[in-house]
Amino acid sequence: NQYLLTVARLVRHKGIHSLIKAYQAVPDEVKGEMKLIIVGAPSFTRDYEMYLKKLAGEDHRIIFVGYQAGDTLAQLYSNAYLYVHPSEYEGLSFTILEAMSFGKCVLISNIPENMEAIDHSGVPFEVGNLENLAEKLTALINHPEIVEARAKLARGYMKNHFDWDKIVEQAEELYKKVLGK
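For reference, each letter of the sequence shown is one residue, going 8 to 188 in this note's numbering.
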């Protein structure tokens, strides 16, 4: 519970630069030692990775951990205070769903694909609006009760809409219906 987490390929449209700038705009007395953990590797975008690291500067609270998977990634999700997804455009983000499956509050850009993924269990910010993102980060750091309440909603939403046992049962019923059995 001492870090914000984002997981994405280090490509410009994922908006990691916006997240770093917004994080830096949160007053130090608010974020204290709350870190920003950035999980991901460049995808033929080494120049963007270098830009992000330069943008982060000497702030010891901004930590790039590279590509992670398996148990390490699961631990990063499960121990995060908040998951942030600042993407400017994309399809359905599995990282948002994964964060929610770990019972995390998600702070997401308000692109339609993200909004559809969270129903009403996350907190949106205006895509590309650094001031709005910094305000939401500040509010959520200052109000752990909101983070906790949204995390609870996320767990429930995932259980009701992305439970694999239910999905398998529904698929089996559909096949039986189509095949006339």
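C-beta atoms are modelled at their ideal positions from N, C-alpha and C, and glycine is treated no differently.
Item                                                                                                                                            : Value
Please report the distance separating the alpha-carbon of Tyr182 from that of Ala161.                                                           : 30 Å
Tell me, please, whether the stretch 138 to 146 touches the stretch 25 to 32 by the rule of three or more beta-carbon pairs shorter than 8 Å.   : yes
Quick one: measure Cβ to Cβ for Ile70 and Lys42, integer angstroms, because I've assumed they're closer than 8 Å.                               : 6 Å
DSSP has Thr79 in a bridge; who is on the other side?                                                                                           : Bridge partners of Thr79: none, in fact.
What are the boundary residues of the beta strand (DSSP E) that Leu114 is part of?                                                              : 113 to 116
Please state the DSSP three-state secondary structure of Val72.                                                                                 : strand
Could you pull the start and end residues of the alpha helix (DSSP H) that Val175 belongs to?                                                   : 171 to 186
So, Arg19 versus Gly47, is the Cβ gap smaller than 7 Å?                                                                                         : no
Return the first residue and the last residue of the beta strand (DSSP E) that Pro131 is part of.                                               : 130 to 132
Please check the pair Ile148 and Lys38, which I expect to be a contact at CB under 8 Å, by giving their CB distance rounded to whole angstroms. : 6 Å
Tell whether a beta-carbon distance below 7 Å holds between Ile118 and Gly129.                                                                  : no
Do the stretch 155 to 170 and the stretch 103 to 110 make contact, defined as three or more Cβ pairs closer than 8 Å?                           : yes
Relative to the C-alpha of Ala193, which candidate in Ala63, Val14, Phe51, Leu186 has its C-alpha closest?                                      : Because residue 193 is not part of the residues shown, which for the chain are 8 to 188, the question remains open.
When DSSP labels each residue in this structure, what does His168 get in the three-state scheme?                                                : helix
For Val154, does the three-state DSSP call read helix, strand or coil?                                                                          : helix
Which of the three DSSP states is assigned to Val37 in this structure?                                                                          : helix
Expressed to the nearest angstrom, what Euclidean distance is found between the alpha-carbon atoms of Pro93 and Gly22?                          : 5 Å
Comparing alpha-carbon positions, which option in Val72, Asp78, Val134 lies nearest Asn121?                                                     : Val134
Using a 10 Å radius around the Cβ and a threshold of 16 neighbouring Cβ atoms, would you call Val185 buried or exposed?                         : exposed
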